[in-house]
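Reading through the structure tokens given below for one structure.
Numbering (the UniProt record's numbering), first residue to last: 1 to 407.
Pasting the structure below:
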């Protein structure tokens, strides 16, 4: 099959990550990554279950499996600073679409696709009492309000960020009714394990209440790593043994660039995209890369992939690509390739926006490729916000496809 243009839309979380655990293949019970959940019905009632990982999927699993399992052991690398989902049911079971016509345009004008009220004040502009009032209102709103409706310096000022972390910590600890100081510290540490929201925040409904159950326990892997996995047990470095019937890997993905590594993209002179990106991702506008003419990728690296609502970014990028192809067609052009200088400038801009935030303080987040051993640590997403990104796309079109060579 041949085509003049290639538009891979492979998703940002398509390549699963399975950690290199000693003896993993020897486990004889149910064993699978959450992205490869068994097609046949899986009944974990009365089973001894282990979950490795407490990201978004891990949080959901804990909530569902904890009440039905005989025993649930949660293996946690880092605490998840989750936020209340505040799930709401509609009156008739159908979503209310009456405001969609107004909502969608507003989403494209917001920083991340959310339409929470924008707070222009910095945290220290308010008194402690005013800070608590804002935090309480964001907490009651739930969803992503605490991260996208917070003070303007929430993601740029460590002190402002820690103020909200302390509020979050106290809220979580109020829900833990156990006489187990170590468990409480592992779930909601007194000091922030990382700046709030520099790891992708998950939404929960009763995650912390699950740990009040006698059949649920937590293992902090940084304090007590896994030594070996055997036929029906996980053995820790301190000698503790957890006998299990099922072991579920909620260990996430090689995000954003991982899906590209699964395809052997070849550019001019046979250059391999995988080899070229080994020392750092290079794109122009987060959709093209020099030396690979007529290749446009959607929802990929150095665009607002992980920092904004997916459908909003996908629509913005799709519209821009379509307009670009129409311009090429109308001018009788058949090839377009970004200039290396434009690519380098975009890379610097992406890094600068990231470095201006607290993300640069967290090198283990998948936002920076930090969850994959040996992967280049870098800013994988454009942190400038949707309007800034849209301006860059518009500027390219307004200036005769600025940054591209074409013929």
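We treat Cβ as the ideally placed atom computed from N, Cα and C, and that holds for glycine.
Cα-Cα separation, residue i to residue j
i           : j           : result
residue 395 : residue 323 : 13 angstroms
residue 6   : residue 148 : 35 angstroms
residue 319 : residue 393 : 10 angstroms
residue 122 : residue 156 : 10 angstroms
residue 277 : residue 340 : 14 angstroms
residue 317 : residue 297 : 9 angstroms
residue 249 : residue 55  : 11 angstroms
residue 382 : residue 253 : 19 angstroms
residue 151 : residue 46  : 46 angstroms
residue 61  : residue 72  : 10 angstroms
residue 124 : residue 59  : 33 angstroms
residue 387 : residue 315 : 14 angstroms
residue 52  : residue 78  : 11 angstroms
residue 367 : residue 287 : 18 angstroms
Assumed close pair residue i, residue j - CB separation to whole angstroms, cut-off 8 angstroms
i           : j           : result
residue 306 : residue 256 : 7 angstroms
residue 76  : residue 205 : Contact flag wrong, Cβ pair sits at about 19 angstroms.
residue 351 : residue 403 : In fact, because the Cβ distance is near 17 angstroms, the residues do not count as touching under 8 angstroms.
residue 176 : residue 212 : 7 angstroms
residue 328 : residue 336 : 6 angstroms
Opening and closing residue of the beta strand (DSSP E) in which residue i lies
i           : result
residue 65  : Looking at the DSSP string, residue 65 is not in any beta strand (DSSP E); the run it does join, the alpha helix (DSSP H), is 56-65.
residue 31  : 30-33
residue 416 : In the structure displayed, the chain extends from 1 to 407; residue 416 sits before or after that span and is not available.
Same chain, Cβ closer than 7 angstroms to residue i, neighbours up to 5 away in sequence not counted
i           : result
residue 24  : 229
residue 432 : The requested residue 432 is not part of the displayed model; the chain covers only 1 to 407.
Classification of residue i by the beta-carbon crowding that lies within 10 angstroms, buried from 16 upward
i           : result
residue 128 : exposed
residue 38  : exposed
residue 100 : exposed
residue 1   : exposed
residue 216 : buried
residue 397 : exposed
residue 48  : buried
residue 304 : buried
residue 222 : exposed
residue 241 : exposed
residue 91  : exposed
residue 285 : buried
residue 371 : buried
CB contact check: residue i to chain D, cutoff 8 angstroms
i          : result
residue 39 : Of the protein chains in the structure, only one exists, and it is not chain D.
Span of the alpha helix (DSSP H), counted from its first residue to its last, around residue i
i           : result
residue 313 : 310-330
residue 386 : 386-398
residue 27  : That residue, residue 27, is in no alpha helix (DSSP H); it is neither H nor E in DSSP.
residue 101 : 100-109
Own chain, CB closer than 6 angstroms to residue i, minus 5 neighbours either side, in chain order
i           : result
residue 198 : 358, 359, 362, 365
residue 178 : 212
residue 265 : 273
8 angstroms Cβ shell around residue i - same chain, five flanking residues per side excluded
i           : result
residue 36  : 16
residue 4   : 294, 334
residue 347 : 280, 281, 282, 283, 302
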